[in-house]
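Note that our numbering has the sequence shown beginning at 98, numbered continuously upward. Every residue, glycine too, gets a C-beta built ideally from N, C-alpha and C. Here the structure comes first, spelled out in structure tokens, and everything after it is commentary.
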Amino acid sequence: MIRHRGKALIIGLGLAVLFAAAAAAPQAKWKGTVIKDGDVTVIKNPKEPLTKTPVIEFKEDLSLGGPDAQGDQAFDMVRSFVVDDAGTIYVLEQRAAHVKVFDASGKYLRTISRKGQGPGELEYPMTLSLNRATGELAVQQQTRGIVFFKTDGTFLRQLSLKGILAGRARLDSRGQIYVIDIIMDAENSRYATKKLAPDGSVLATISETPTPTGPGNTTLAFIPVAYFLLDRDDRFIYGYPQTYEIQIYGPAEAKVVRKITREYDPVAVTEEDKAERKKDVPPGYNRVLEFPKHHPAFTRFFLSDLGHLFVQTYEKADGGKLIHDVFDAESRFFGRIPLRPSGVEILKGKYYALEEDEDGYQYVKRYAVTWKVQ
């Protein structure tokens, strides 16, 4: 018995040495470059990530919605949702035109607003934003500006966007508003990303991108569409996926301070992709869809509170998941992970996502996060 224990001890010490050596082994060297272009830092990432091992694991610990949900737990066309620092979840339902509130355990708490055109009512809401500094919720509507509420549901005010047809809006901690303005022009239709003062006046036009149209009776599918987010430091993060480049603007000015690029192989548009897109065509639609050879470089992205950037690509994995490129706080491409669309954020060790099953039922999901590589 003593002899066996001695062998076990020797084996245990040997394994400990091996584990310690593995832990001390240097990570693979990042093969990108960092250059300065005037006041802009450009991070050029290679095609391959720093590591091919799983960089993060998720374990589901909360699911709201779905086909079995009843009453206030059921959803009606969720447009977006936000989470506060206490883990309270605010869900914007477009068709019902209200915001449902759930605590961190998933318990329904209250409904904010309702459909209508009166003070504090909503009509065709598009995006929901949370000003963490003031504790205000802001609901952006496509044609009626932005409505502000306290998180307890109290209506505060309504702001007209003065002719801006906003397809997306976000607020920073100072009350400044970033929008994508949809400009319909017979000769120059375009999306204009703008920074607005708290009163709705335009402070700056950050970028303009075309809304390509096909010739005659043709509609172009899978066109690149600009996307943006604000991080917790009020930095504006923007990407127009005609190329794989994401720009980070400083919080004080509408000025680029960092660019993130990555070498990549364009993802081909398949016959399956075309068939799926054609399913979305409404009855009676009399225009012809024209498809490109390749998808845009990416579709959207989300952030973690540790500074990671997750970029959703068009590369498909099993089970309806899409490959996400993961960049660290220094903007280095260090891993990839398949996820269901669409991630919202990682906050305090929890990943939040708006997901949809094959039957079109929506879910607000939360997952516990375990980082394998940081």
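If I measure Cβ to Cβ from Phe-407 and keep anything under 7 Å in the same chain, skipping five residues before and after, which residues do I get? Phe-398, Phe-399, His-421, Val-423 and Gly-440
Go ahead and label Ala-426 buried or exposed: buried means 16 or more other beta carbons lie within 10 angstroms of its beta carbon, across all protein chains shown. Answer is exposed; the Cβ neighbour count stays below 16.
Under the three-state reduction of DSSP, which class applies to Lys-371: helix, strand or coil? helix
Can you name the residues that DSSP bridges to Lys-462? Beta-bridge pairing by DSSP links Lys-462 to Ser-160 and Ala-450.
Rounded distance between the beta-carbons of Phe-325 and Tyr-335, thought under 8 Å: 4 Å
N-terminal and C-terminal residue of the beta strand (DSSP E) that Leu-219 is part of: Unbroken run through Leu-219: none, as it is neither H nor E.
Excluding the five sequence neighbours on either side, which residues of its own chain have a C-beta within less than 7 Å of the C-beta of Lys-390, listed in chain order? Ala-365 and Val-366
Asn-142 vs Phe-430 beta-carbon contact at 7 Å: yes
Measure the Cβ-Cβ separation of Thr-138 and Arg-329 and say whether it is below 7 Å. no
Separation of Ile-274 from Gln-238, as counted between CA atoms: 13 Å
Whole-angstrom distance between Glu-190 and Leu-161, CA atom to CA atom: Computed Cα separation, rounded: 13 Å.
With distances taken Cα to Cα, identify the nearest neighbour of Phe-246 among Leu-258, Leu-227, Gly-260 and Ala-263. With distances taken between Cα atoms, Phe-246 lies closest to Leu-227.
Would you report the Cα separation of Gly-215 and Tyr-187, rounded to the nearest angstrom? 22 Å
Helix or strand or just coil, what does DSSP make of Asp-269? coil
Name the two residues that bound the continuous beta strand (DSSP E) containing Ile-209. 205 to 209
Helix, strand or coil: which one does DSSP assign to Asp-377? coil
Quickly, what does DSSP pair Asn-142 with across the bridge? List them, please. Arg-359
Run through DSSP, which three-state label would Ala-118 get? Caution is warranted here: a pLDDT of 35 is assigned to Ala-118, below 50, making its placement in the model unreliable, and the coordinate value is therefore given only provisionally. In the structure shown, Ala-118 sits in a helix (DSSP, three-state: H, G or I).
Give the DSSP bridge partners of Thr-130, in chain order. DSSP output for Thr-130 lists Lys-141 as bridge partner(s).
What separation, rounded to the nearest whole angstrom, lies between the Cα atoms of Leu-256 and Gly-297? 7 Å
Which one or two residues does DSSP pair with Gln-237 in a beta bridge? Gln-237 is bridged to Thr-224 and Ile-243.
Among Leu-268, Ala-294, Ala-263 and Arg-271, nearest to Ile-280 - alpha-carbon criterion: Ala-263
Taking the beta carbon of Ser-202 as the centre, do at least 16 other beta carbons fall within 10 Å, making it buried, or is it exposed? exposed
Contact check, Pro-380 vs Pro-338, beta carbons under 7 Å: no
Pull the bridge partners of Val-354 from the DSSP assignment, please. Paired residues: none, contrary to the question.
Where the beta strand (DSSP E) through Ala-183 begins and ends: That residue, Ala-183, is in no beta strand (DSSP E); it is neither H nor E in DSSP.
Where do the ends of the beta strand (DSSP E) carrying Ile-443 lie? Ile-443 -> beta strand (DSSP E) spans 440 to 444.
If distances are taken between C-alpha atoms only, which option among Val-180, Val-353, Pro-164 and Tyr-382 comes closest to Glu-455? Nearest option by C-alpha distance: Pro-164.
Jot down the residue ranges of each uninterrupted beta strand (DSSP E) in the region 379 to 425, minimum 3 residues, whole runs only, in chain order. 385 to 387, 397 to 401, 406 to 413 and 419 to 424
List the residues that DSSP assigns as beta-bridge partners of Thr-316. Leu-386
Residues in the same chain with beta-carbon distance under 8 Å from Lys-469, minus the five sequence neighbours each way, listed in chain order, please. When the five nearest sequence neighbours on each side are left out, the beta carbons in the same chain lying within less than 8 Å of the beta carbon of Lys-469 are those of Thr-150, Pro-151, Val-152, Ile-153 and Glu-154, in order along the chain.
Where DSSP assigns a beta bridge to Lys-469, which residues make up the other side? DSSP output for Lys-469 lists no bridge partner at all.
Coil, strand or helix - Asp-330 by DSSP: coil
I'd like to check one pair, Leu-234 with Lys-248: are the Cβ atoms closer than 7 Å? In the sequence under discussion, the amino acid at residue 248 is Thr, which differs from the Lys named in the question. For Thr-248 and Leu-234, yes; Cβs fall inside 7 Å.
Rounded straight-line distance, which links the Cα of Val-179 to that of Asp-362: If you draw a straight line from the Cα of Asp-362 to the Cα of Val-179, it is about 33 Å long.
Where do the N-terminal and C-terminal ends of the beta strand (DSSP E) with Pro-307 fall, by residue? DSSP places Pro-307 inside the beta strand (DSSP E), whose first and last residues are 299 to 307.
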